[in-house]
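A.B. asks: Going down the list, the sequences are from chains W and H.
Residue numbers for the first sequence follow our numbering, beginning at 124 and rising by one.
Residue numbers for the second sequence follow our numbering, beginning at 704 and rising by one.
Think of the CB as a built atom: it goes at the ideal place given N, C-alpha and C, for glycine as much as any other residue.
The structure that follows is given in the form of structure tokens.
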Amino acid sequence: MQRKGKIGISVLLIAAMLTAMTLTACGSKDDSGKTVIELVQYKPEAVDAFEAIEEKFNATHDDIQLKIESPNDAMTILKTRFIREDAPDIIGIGGDVNFSSFIDSDMLMDISDFEGLADIKQSYKDIDKALEYVPEEGVYAVPYVANAAGILYNREMFKEHGWEIPETWDEFISLCDEIQAEGIMPLYFGFKDVWTTLAPWNAMAVGIADADVCRQVNKGETTFTEEYREVAQKMLELLPYGPDDPFAYDYNGACTAFANGESAMYTIGSYAVPQIMSVNPDMDIDSFVFPVNDKEEDNILNSGIDLQFCVMNDCENKEAAYEVLSFLLKDESIQEYLDNQNAVPCKEGDFQLPSMLDGMKKYIDEDRMADYQDHYYPAEMSVDAQIQTFLMKKDVDAFLTKFDKDWIRYNRDIIRKVEDYEAEH
Amino acid sequence: MKTKVKERVNWPITILLIVGLITVAFPLYMTIVIAFKQPSEMTNSIAGILSLPKSWSIANFAEAMRVTDFWRSLGNSFIITILTVVVSIVIHSLAGYAIGRNKAKSKFYSFVYLYIVSGMFVPFAILMMPLVKQTAMIGLANWVGVIVLYVVFYMPMNVLLYSGYLVNIPMALEEAAYVDGATTWQTYWKIIFPIMKPMHATVAVLTALGTWNDVMTPLVIMSGSGMTTLPLAQMTFQTQFGTNYNLAFASYLLALLPILIFYLVCQKQILNGVVNGAVK
């Protein structure tokens, strides 16, 4: 009998919980007749900046209500929401291969009539254009902020020893020798996390190879063996200046070591600065462009779009979405974001850049930038792992041959698309 | 003079146990130490990694609880786990009883048994996308849908366990109940259900552990419904370019406690149950 009572109570409790939950779930609709614009952005670390922007927007707009969500693992969430046809109005994503496939699937709205685009730096618009598998009519994203990759250095250490920022490859190598001669490790690597191999790789590749090298290869005009040989060779030349076993440390470990002053420089992007500062909050970090060429004027800053906004095709209220975009592009909003995160604004204007970009400022002002080449590599090819293997085996020819062979294997669909396009035009 | 009886030590076993202890205790030590350290105390040197934190402040735990919205996420995890376990025990034990007692004499039941158990071999990854779409279509893209999915996913395993355990329960008990005038339903609830207690504990532990720690199902099914479970909330410590191990480990320790307590309680039940159910 006692057992029966217990079961009865459990059933009642479950029923009570179910009703309670359905009640709370129903209370979130906005009945005031405002247009609700939903924005999902993929950088949860910037949640504070976006909450401030959301609050300001809603305080100044009576007819539109902006809802910004910054979920964890937003890309998975976005993709599942697309599957169940419940897309938000605006998405904030990076300029990477996901963006390319969203355009390819006709999911994004052409926003070429949006006025704010006029203020965006041309090189970032070019980067977005280059991300399309085949050239499409129209504009599909507003670049918002970018990050920059090159070499981070310990400014205090450089001042103490009187070291200068190198501008050519020879200067860079002799600087590394000089630092090593003083008993300090010049560079640090965290190649245990394979993706970190792409940081120096990209930063050098933009200086050596053309920005649209992947498209050239897809068209069959050149091969990676030809274009990437110098990059691969210079990559190997870096190794002696790093820790004895660069594959023993992961990204976090390398950031920690650099923060603790174990090395003078670290080949990574500006995105690593918050992680480094969390270990050593007083550190004075600056960065410079990877001096990979023999002449300074050939060097190019490696900068990619970190966050851009796209309006979805399903968005019902285009004017309201544009109003949100204009608000996001206001100087105050961008500055709000820059104060919160270390980033390079994509909009023309006089913004206060974070101090760790001092050494790159010239390139940013002159608009001398090119995108990360790995944004064009298909994820399933895992180029990062291939580079790691190459750095262990040190066989340039084998690496480049495999690169070319795998490229054709993993890009068959895209190459066919490019071929069709070329045949038509 | 008394001679001390020399205790004999089984050295091979002792060494094995010590090694086992180290492999369990060392990661736990690291977790606890890192959870109390500040990010600035992190180093790459062995001595630095093993050292104790400078101060034993609970600031990390407080911050981790704030960031993950701990009590709400914990509550959500609790609701989903408890409901899944309760529903699983009731439905799966019933199914296990019906199948286990009949599969020897009925082809239909042995087919049903094989059909359900073969579900174990279907990985979640290939079901994910259709499930996302279907749950959205029938309005189950929320925590209720997650529970329904869990109950289905754990069914093959649990039915296998229950019907396997029934082999150890003598038919004589049910026959005796039948002679005393009990219906099948009464026999089940009054005789079989209580006797299967050790298996209930096993099923509860397996199901609860799996449900409590799962990230993928809530992530793809509940995304956008505004409800997070603890593992989902903990993903916030790892962003694309940074991981805060100190907060993350503090949060993992907090998330570990409820399920650890649950396991300790149920483990006792499993051990007790071994002696139950014998016919005298």
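Could you name the residues that DSSP lists as bridge partners for Glu192 of chain W?
C.D. replies: Note: Glu192 of chain W sits in a beta bridge opposite W:Val163.
A.B. asks: Here's the rule I'm using: 16 or more other beta-carbon atoms within 10 Å means buried, otherwise exposed. How should Ile718 of chain H be labelled?
C.D. replies: Counting Cβ neighbours within 10 Å, Ile718 of chain H comes out exposed, since fewer than 16 surround it.
A.B. asks: To which residues does DSSP link Tyr881 of chain H through a beta bridge?
C.D. replies: Its beta-bridge partners do not exist; DSSP assigns none.
A.B. asks: Could you pull out every unbroken beta strand (DSSP E) segment of at least 3 residues lying fully inside the region 269-356 of chain W, listed in chain order?
C.D. replies: If we require 3 residues or more, the beta strand (DSSP E) runs fully inside the region 269-356 of chain W come out as 274-277.
A.B. asks: Using the C-alpha atoms, what's the distance from Tyr881 of chain H back to Ala143 of chain W?
C.D. replies: In this predicted model, Ala143 of chain W has a pLDDT of only 46, less than 50, meaning its place in the structure is not dependable; the value taken from the coordinates is given anyway. If you take the alpha carbons of Ala143 of chain W and Tyr881 of chain H, they lie about 42 Å apart.
A.B. asks: Could you name the residues that DSSP lists as bridge partners for Val467 of chain W?
C.D. replies: Answer is W:Ala269.
A.B. asks: So, for Ala148 of chain W: in the same chain, excluding its five sequence neighbours on each side, which residues have a beta-carbon less than 8 Å away from its beta-carbon?
C.D. replies: At Ala148 of chain W, the pLDDT of 39 sits below 50, so the modelled position is not reliable; the number obtained from the coordinates is stated separately. So the list is empty, once near-sequence residues are dropped.
A.B. asks: Of all the residues that make up the region 378-400 of chain W, which are near chain H by a beta-carbon distance shorter than 7 Å?
C.D. replies: Those residues of the region 378-400 of chain W that come within reach of chain H (Cβ to Cβ, closer than 7 Å) are Thr379, Ala380, Asn383, Tyr394, Ala395, Pro397, Gln398.
A.B. asks: If distances are taken between C-alpha atoms only, which option among W:Glu385, W:Gly427, W:Pro323 comes closest to Asp507 of chain W?
C.D. replies: The shortest C-alpha separation from Asp507 of chain W is found at W:Pro323.
A.B. asks: If we ignore side chains and look at the alpha-carbon of each, how far apart do Pro833 of chain H and Asn425 of chain W end up?
C.D. replies: Spanning the two alpha carbons is a distance of roughly 40 Å.
A.B. asks: Would you please state the rounded distance, in angstroms, between the beta carbons of Val862 of chain H and Val908 of chain H? I believe it to be under 8 Å.
C.D. replies: Between Val908 of chain H and Val862 of chain H the Cβ distance is about 17 Å, and since that is not below 8 Å, they are no contact.
A.B. asks: For the beta strand (DSSP E) containing Ser410 of chain W, name the first residue and the last one.
C.D. replies: Per DSSP, Ser410 of chain W belongs to the beta strand (DSSP E) from 408-411.
A.B. asks: Who are the neighbours of Asp494 of chain W on chain H, taking C-beta pairs under 9 Å?
C.D. replies: By Cβ distance, chain H contributes nothing, its closest Cβ being about 17 Å from Asp494 of chain W, past 9 Å.
A.B. asks: Whose CA, out of W:Trp292, W:Tyr256, W:Asp233, lies closest to the CA of Asp543 of chain W?
C.D. replies: The residue with the shortest Cα to Cα distance from Asp543 of chain W is W:Tyr256.
A.B. asks: Which two residues bound the contiguous alpha helix (DSSP H) that contains Gln509 of chain W?
C.D. replies: Note, Gln509 of chain W: alpha helix (DSSP H), 506-516.
A.B. asks: Could you tell me the boundaries of the alpha helix (DSSP H) in which Phe450 of chain W lies?
C.D. replies: Residues 441-451.
A.B. asks: Please report the distance separating the alpha-carbon of Thr145 of chain W from that of Ile841 of chain H.
C.D. replies: Residue confidence for Thr145 of chain W is low, a pLDDT of 47 falling below 50, so the modelled location carries little weight and cannot support an answer.
A.B. asks: Taking the continuous beta strand (DSSP E) assigned at Asp233 of chain W, which residues delimit it?
C.D. replies: Premise fails: Asp233 of chain W is in no beta strand (DSSP E) and is neither H nor E.
A.B. asks: Just the Cα atoms here: how many angstroms apart are Met406 of chain W and Phe413 of chain W?
C.D. replies: Spanning the two alpha carbons is a distance of roughly 21 Å.
A.B. asks: Using the beta-carbon of each residue, which ones in chain W are nearer than 8 Å to Pro742 of chain H?
C.D. replies: Chain W residues near Pro742 of chain H: Ser401, Val402.
A.B. asks: Distance, Cα to Cα, Pro961 of chain H vs Gln970 of chain H?
C.D. replies: So the alpha carbons of these two residues sit roughly 14 Å apart.
A.B. asks: Apart from the five residues on each side of it in sequence, which residues of its chain come closer than 6 Å, Cβ to Cβ, to Ile964 of chain H?
C.D. replies: Result list for Ile964 of chain H: empty, nothing under 6 Å.
A.B. asks: Does DSSP put Asn779 of chain H in a helix, a strand or coil?
C.D. replies: In this structure, Asn779 of chain H counts as helix in the three-state DSSP scheme.
A.B. asks: Please report the residue range of the alpha helix (DSSP H) in which Val434 of chain W lies.
C.D. replies: First-last for Val434 of chain W: 424-434, but that is the beta strand (DSSP E), not the alpha helix (DSSP H).
A.B. asks: Are at least three pairs of beta-carbons, each pair with one atom in the region 311-331 of chain W and one in the region 370-383 of chain W, less than 8 Å apart?
C.D. replies: Verdict: yes, contact present.
A.B. asks: Is there a Cβ from chain W that is less than 8 Å from the Cβ of Asn916 of chain H?
C.D. replies: It does not: the Cβ of Asn916 of chain H has no partner Cβ on chain W nearer than 8 Å.
A.B. asks: Which term fits Pro873 of chain H, buried or exposed, when burial requires 16 or more other beta carbons within 10 angstroms of its beta carbon?
C.D. replies: Pro873 of chain H is exposed by the Cβ-count criterion.
A.B. asks: Is any beta-carbon of chain W found at less than 8 Å from that of Asn763 of chain H?
C.D. replies: Not closer than 8 Å to any Cβ of chain W, the Cβ of Asn763 of chain H fails to qualify, so no.
A.B. asks: Grouping DSSP H, G and I as helix and E and B as strand, with all else coil, what is Pro477 of chain W?
C.D. replies: Pro477 of chain W falls in the coil class under three-state DSSP.
A.B. asks: Beta carbon of Thr771 of chain H, beta carbon of Ser954 of chain H: below 8 Å?
C.D. replies: Yes, the pair counts as a contact, with Cβ atoms nearer than the cut-off.
A.B. asks: Closest Cβ-Cβ distance between Ser760 of chain H and chain W: below 8 Å?
C.D. replies: Chain W contact via Cβ: absent.
A.B. asks: Figure out for me which residue from H:Ile721, H:Trp759, H:Met768 has the closest Cα to the Cα of Gln937 of chain H.
C.D. replies: Among H:Ile721, H:Trp759, H:Met768, the Cα nearest to that of Gln937 of chain H is on H:Met768.
A.B. asks: On the CB-based measure, 16 or more other CB atoms within 10 Å of its CB, does Glu360 of chain W come out buried or exposed?
C.D. replies: Flag for Glu360 of chain W reads exposed.
A.B. asks: Given a threshold of 16 other Cβ atoms within 10 Å of its Cβ, counted over all protein chains shown, does Ala502 of chain W qualify as buried or as exposed?
C.D. replies: Under this definition Ala502 of chain W is an exposed residue.
A.B. asks: Given this structure, state the Cα-to-Cα distance separating Asp529 of chain W from Phe347 of chain W, to the nearest angstrom.
C.D. replies: Those two C-alpha atoms are separated by around 11 Å.
A.B. asks: Locate the alpha helix (DSSP H) running through Gly376 of chain W, then write down its first and last residues.
C.D. replies: That run of the alpha helix (DSSP H) goes 374-382.
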